[in-house]
Amino acid sequence: MRLDTAVPFGELYDTEEAFKEAMLSISRHRISRDVAAEWATNLRYLTPAAAPEEEQDATVRHASPDNTDSLVSPDPSSSGEASDDFCACSYHPDDYFSEESHRLALTERSQFPECVHYLAVSYCWESASSIPVSAGHSTPHQYTIETRNGLRRNKVPSHVLDRVIAYARGLTKFIWIDQECIVQDDPRDQQDGIQAMDMGYQRASFCVGLLDVVIDQQRHIDALVAMYEAEGVNESQLKDLAEILELIAADR
Numbered sequence: 001m002r003l004d005t006a007v008p009f010g011e012l013y014d015t016e017e018a019f020k021e022a023m024l025s026i027s028r029h030r031i032s033r034d035v036a037a038e039w040a041t042n043l044r045y046l047t048p049a050a051a052p053e054e055e056q057d058a059t060v061r062h063a064s065p066d067n068t069d070s071l072v073s074p075d076p077s078s079s080g081e082a083s084d085d086f087c088a089c090s091y092h093p094d095d096y097f098s099e100e101s102h103r104l105a106l107t108e109r110s111q112f113p114e115c116v117h118y119l120a121v122s123y124c125w126e127s128a129s130s131i132p133v134s135a136g137h138s139t140p141h142q143y144t145i146e147t148r149n150g151l152r153r154n155k156v157p158s159h160v161l162d163r164v165i166a167y168a169r170g171l172t173k174f175i176w177i178d179q180e181c182i183v184q185d186d187p188r189d190q191q192d193g194i195q196a197m198d199m200g201y202q203r204a205s206f207c208v209g210l211l212d213v214v215i216d217q218q219r220h221i222d223a224l225v226a227m228y229e230a231e232g233v234n235e236s237q238l239k240d241l242a243e244i245l246e247l248i249a250a251d252r
């Protein structure tokens with residue numbers, strides 16, 4: 001395939017017939033996104049692993065006058081809310097990520113259908129795996145992940161999980177990150193995941209992109225905050241803003 005997106009059609013095709021033939025050729029490669037849409041609404045997630053005494057299927061902890069530790073299954077029809085407001089993740093124990101979340105569980109694709117209450121993470125695999133622990137930063141934690149096939153170590157670099165979990169604390173119970181949540185040795189799951197990637201990010205309640213660039217100047221942060229909060233960037237901050245935006249734009 002040629003990189004010709006900057007070349008006018010008139011230079012690419014000598015005749016109108018040649019242009020039409022190219023369009024017909026492209027049309028024969030159309031694919032349906034039905035499979036991708038189904039895949040994107042049945043994602044796997046990383047979530048804090050339940051403590052042994054809390055491992056209850058389809059239950060949530062519910063305080064009652066008689067027993068503050070009773071476990072009951074929620075009834076979406078009894079809440080008075082529209083059914084559209086109910087999500088399958090309501091059955092999940094109300095455990096959010098914390099600083100101690102070093103043992104994680106990988107949910108199954110059919111476990112939380114249609115759920116959008118997750119944090120979708122974007123980062124560059126190659127660059128993230130090559131970043132050493134720098135001075136002034138603590139050694140990354142060690143993580144264990146529970147799967148239906150048993151326990152395994154994390155595939156995502158530990159320092160990446162440290163950053164993601166720090167962001168997710170108190171925010172959500174689920175993290176979607178492709179390297180962990182797509183079966184990397186399953187060609188079908190990989191292909192479906194690639195085709196549905198945009199939907200996975202679009203549906204997420206929260207999204208975060210991890211940068212390699214280190215912002216260590218307060219003036220750069222101040223300029224970003226002023227721009228983000230639409231307070232107006234004063235003349236003295238223009239250079240600072242240009243510098244930090246250039247750094248971010250150059251990030252992989």
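Residue numbers for the sequence shown follow the UniProt record's numbering, beginning at 1 and rising by one.
No residue lacks a Cβ here, since even glycine has one placed at the ideal position from N, Cα and C.
Given the structure is predicted, the values throughout are model-derived calculations rather than measurements.
Practice task
Output yes if chain C places a C-beta closer than 8 Å to the C-beta of Y167; else output no.
Solution key: Included in the structure is just one protein chain, with no chain C present.
Handout entry: E235 burial status per 10 Å Cβ neighbour count (16 or more: buried)
Key = exposed
Practice task
Taking I194 as part of the alpha helix (DSSP H), name the residues at either end of that continuous run.
Solution key: 187-203
Exercise for the section: Could you spell out where the alpha helix (DSSP H) holding R219 opens and where it closes? Expected result: 218-228
Exercise for the section: Specify, as a first and last residue, the run of the alpha helix (DSSP H) that G170 falls within. Expected result: Premise fails: G170 is in no alpha helix (DSSP H) and is neither H nor E.
Practice task
Can you grab the Cα-Cα spacing for the pair P8 / T41, in whole Å?
Solution key: 39 Å
Problem - For residue 257, three-class secondary structure by DSSP - result: The requested residue 257 is not part of the displayed model; the chain covers only 1 to 252.
Handout entry: Residues bridged to residue 266 (per DSSP)
Key = Since the first residue of the chain shown is 1 and the last is 252, residue 266 is not available in this structure.
Exercise for the section: Can you tell me which of the three DSSP states E54 falls into? Expected result: Below a pLDDT of 50, predicted positions are generally treated as unreliable, and E54, at 48, falls in that range; no measurement from the model is reported.
Exercise for the section: List the endpoints of the continuous alpha helix (DSSP H) containing L24. Expected result: 16-27
Exercise for the section: With A37 as the anchor, note down where its alpha helix (DSSP H) starts and where it stops. Expected result: 34-40
Handout entry: Cut-off 7 Å between Cβ atoms - residues of its own chain near F97, not counting five sequence neighbours on either side
Key = P48, I165, A168, R169
Exercise for the section: Whole angstroms is fine: what's the gap from A250's alpha carbon to Y91's? Expected result: 43 Å
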